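Visitor: For reference, the structure I am asking about is given below.
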Amino acid sequence: MYKVMAVNAGSSSLKYKLYEMPEEKVLCSGNVEKIGLPDAFFGIKFDGKAEKVQTAIPDHAVGVKLVLEALTKDGIVKDLSEIKAVGHRVVQGGKYFSHSVDFDEDAEAKITKLIPLDPLHAPAHLVGFHAFKEALPNAIAIAVFDTAYHQTMEAEDYVYPIPYEMTTKYDCRRYGAHGTSHDYLVHTAIKNYFGGKEKGTRILSCHIGSGSSLCAAMDGKCVATTMGLTPLGGVMMGTRTGDIDPSVMDYLCTCTGKSVDEMYDIFNKKSGLYGVGGIASGDTRDIEEQALKGNEQCLLAANLFARRVADFIGSYYVRMGGADLIIFSAGIGENSAWFRKLILERVQDALGLKIDYELNEKVRGVETVLSLPESKIKVIVLPTDEEVMIARDCAKRYENGHC
Ligand code: ADP
Numbered sequence: 002m003y004k005v006m007a008v009n010a011g012s013s014s015l016k017y018k019l020y021e022m023p024e025e026k027v028l029c030s031g032n033v034e035k036i037g038l039p040d041a042f043f044g045i046k047f048d049g050k051a052e053k054v055q056t057a058i059p060d061h062a063v064g065v066k067l068v069l070e071a072l073t074k075d076g077i078v079k080d081l082s083e084i085k086a087v088g089h090r091v092v093q094g095g096k097y098f099s100h101s102v103d104f105d106e107d108a109e110a111k112i113t114k115l116i117p118l119d120p121l122h123a124p125a126h127l128v129g130f131h132a133f134k135e136a137l138p139n140a141i142a143i144a145v146f147d148t149a150y151h152q153t154m155e156a157e158d159y160v161y162p163i164p165y166e167m168t169t170k171y172d173c174r175r176y177g178a179h180g181t182s183h184d185y186l187v188h189t190a191i192k193n194y195f196g197g198k199e200k201g202t203r204i205l206s207c208h209i210g211s212g213s214s215l216c217a218a219m220d221g222k223c224v225a226t227t228m229g230l231t232p233l234g235g236v237m238m239g240t241r242t243g244d245i246d247p248s249v250m251d252y253l254c255t256c257t258g259k260s261v262d263e264m265y266d267i268f269n270k271k272s273g274l275y276g277v278g279g280i281a282s283g284d285t286r287d288i289e290e291q292a293l294k295g296n297e298q299c300l301l302a303a304n305l306f307a308r309r310v311a312d313f314i315g316s317y318y319v320r321m322g323g324a325d326l327i328i329f330s331a332g333i334g335e336n337s338a339w340f341r342k343l344i345l346e347r348v349q350d351a352l353g354l355k356i357d358y359e360l361n362e363k364v365r366g367v368e369t370v371l372s373l374p375e376s377k378i379k380v381i382v383l384p385t386d387e388e389v390m391i392a393r394d395c396a397k398r399y400e401n402g403h404c
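Numbering (my numbering) for the sequence shown: 2 to 404.
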């Protein structure tokens, strides 16, 4: 038995989960939030207890120190040397990474090179990595990439129709994101519904939360995904536009006098359900509540979201020459019966789906088959688990020497 830590470092936050392996038992989880701000705090959950401490956390290194101190203070580990590996979630792996790797100098250099593709997260990943490396110098460190699972896409699924030398010179192409989640969902479904046999499976994975993406997987491998060069592309999301005509950028900059940077920020943070709904919230619970009270704009936002997801389901059905399974996952897919219904109603006739809508109403965060036996495609809810995938890669690296 040994322990591994899954880490997700953001610009002002750091989420962590400690596992006992190979059992995949969660020993504790928590987060450090608002790093560098006056109201910074760190939280830890273990043994059914939850602690939250507000304290000065000027940088990630201090946050990591607090987490590690709490692990020994609360008796979750006797000695920090029990932690054999730390797995870091990295959003953008670009063209370099098709699987998890040691977070060594070479990986660090490549992730640094990728900062222009992900200026929001990449620097934070590097800061998180250094903070853990300093605190646990003997633990193996690995990097697990959100883009890695999508590296099996073919050129016609990832090349943008821009001058080709721009694709090759600047590596400007679709990379996708949420790959760790889609990988988990596709392979859990193959294990649970196809007897573990990848060959011949056609799975449509819908990871729909505040960030949303769809992935088409054939034989267990990604063939297409909705997010693009960055997580801004694809379906409409909580606060992001998803795919829009590129001319909207230029036109709105001209209309409003805003800079490209300002408009880009609006596309990322003020659009999607938040932007269309007009209630200063991109949370589907708020949108649903207002829509059901008669707020037309919120109803439009919800219908628009459902339409975008339905359109991609149709597109991926064609891409795979059919589908055997549709998965709903993440915050909305796992929890919102109303949004699932809005989407399913838009595709059911074309795809021959027969859904148990009474059952759909009851399902929150639990693996469930929503379709009836006569449905042409099985439809399920399957909670995602990105952290366990990171923990598994850590375990593989610790036990076998490679991820
Ligand atoms: P992310 O990981 O991208 O931050 P999540 O997958 O956790 O997001 O999804 C969060 C979103 O899921 C919320 O913004 C909300 O829209 C939706 N959500 C979460 N819980 C519920 C719920 N119980 N009912 C409806 N929607 C929910």
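Think of the CB as a built atom: it goes at the ideal place given N, C-alpha and C, for glycine as much as any other residue.
Since the model is a prediction, treat every value here as computed from it, not as a measurement.
What residue does the beta strand (DSSP E) around C216 start on, and which one ends it?
Guide: On the sequence shown, residue 216 is found 215 positions in, with the first residue counted as 1. That run of the beta strand (DSSP E) goes 213 to 219.
Visitor: Can you tell which of A140, F47, T148, E109 has its C-alpha closest to the C-alpha of G95?
Guide: Within the sequence shown, residue 95 is the residue found at index 94, counting from 1. Nearest of A140, F47, T148, E109 to G95, Cα basis: T148.
Visitor: Which one or two residues does DSSP pair with E52 in a beta bridge?
Guide: As a working note, residue 52 is residue 51 in the sequence shown. Answer is I45.
Visitor: Short check: CB of Y112 to CB of G210, under 8 angstroms?
Guide: On the sequence shown, position 111 is the one that residue 112 refers to. On the sequence shown, position 209 is the one that residue 210 refers to. Reading the sequence as shown, one finds Ile at residue 112 and not Tyr. No, these two residues do not count as a Cβ contact at 8 angstroms.
Visitor: Starting from the C-beta of E289, find all residues in its chain whose C-beta is less than 6 angstroms away, skip the five residues before and the five after it, and write them out in chain order.
Guide: Here residue 289 refers to the residue found at position 288 of the sequence shown. If we look at E289 and ignore the five residues flanking it on each side, its Cβ neighbours are W339.
Visitor: Looking at K4: is its Cβ nearer than 8 angstroms to the Cβ of E21?
Guide: Looking up residue 4 in the sequence shown gives position 3. Looking up residue 21 in the sequence shown gives position 20. Yes, the Cβ-Cβ distance between K4 and E21 is below 8 angstroms.
Visitor: N336 lies in the alpha helix (DSSP H); which residues open and close that run?
Guide: For the purposes of this step, residue 336 is taken as residue 335 along the sequence shown, with counting starting at 1. Counting along the chain, the alpha helix (DSSP H) containing N336 begins and ends at 331 to 336.
Visitor: Report back the beta-carbon spacing between V145 and S101 to the nearest angstrom; my notes put them in contact at under 8 angstroms.
Guide: Along the sequence shown, read from residue 1 onward, the residue named residue 145 stands at position 144. Along the sequence shown, read from residue 1 onward, the residue named residue 101 stands at position 100. Going by Cβ atoms, the distance from V145 to S101 rounds to 5 angstroms, so yes, they are a contact pair.
Visitor: Would you identify the three-state DSSP class for M6, choosing helix, strand or coil?
Guide: What you label residue 6 is simply residue 5 of the sequence shown in a count that begins at 1. Residue state, collapsed to three classes: strand.
Visitor: Over what stretch of residues does the alpha helix (DSSP H) that includes R398 continue unbroken?
Guide: Along the sequence shown, one-based indexing puts residue 398 at 397. 387 to 401 is the span of the alpha helix (DSSP H), which, as asked, contains R398.
Visitor: For the region 186 to 258, list the alpha helix (DSSP H) runs that are entirely contained and at least 4 residues long, ordered along the chain.
Guide: For the region 186 to 258, whole alpha helix (DSSP H) runs of length 4 or above, ordered along the chain, are 248 to 257.
Visitor: Any residue with its C-beta under 6 angstroms from a non-hydrogen atom of the ligand ADP counts. Can you list them all in chain order?
Guide: Qualifying residues, in the order they occur: G210, S211, G212, G239, D284, T285, R286, A331, G332, I333, N336, S337.
Visitor: What's the C-alpha gap between A51 and L81?
Guide: Residue numbering aside, residue 51 sits at position 50 when the sequence shown is read from its first letter. Residue numbering aside, residue 81 sits at position 80 when the sequence shown is read from its first letter. Using only the alpha carbons, I get a separation of about 21 angstroms.
Visitor: Do the region 315 to 332 and the region 211 to 218 meet, that is, are 3 or more Cβ pairs less than 8 angstroms apart?
Guide: Yes, the region 315 to 332 is in contact with the region 211 to 218.
Visitor: Out of A57, M264, D105, state which residue places its alpha-carbon closest to the alpha-carbon of H89.
Guide: Position 88 of the sequence shown holds residue 89. The shortest Cα separation from H89 among A57, M264, D105 belongs to D105.
Visitor: Looking at C-beta atoms only, is the number of pairs between the region 338 to 358 and the region 302 to 312 that lie closer than 8 angstroms three or more?
Guide: Taking 8 angstroms as the limit for Cβ pairs, the verdict is that the region 302 to 312 does touch the region 338 to 358.
Visitor: Do you know offhand how far N336's Cα is from L205's?
Guide: Stepping through the sequence shown from its first residue, residue 336 is reached at position 335. Stepping through the sequence shown from its first residue, residue 205 is reached at position 204. Near 18 angstroms, if we compare the C-alpha coordinates of L205 and N336.
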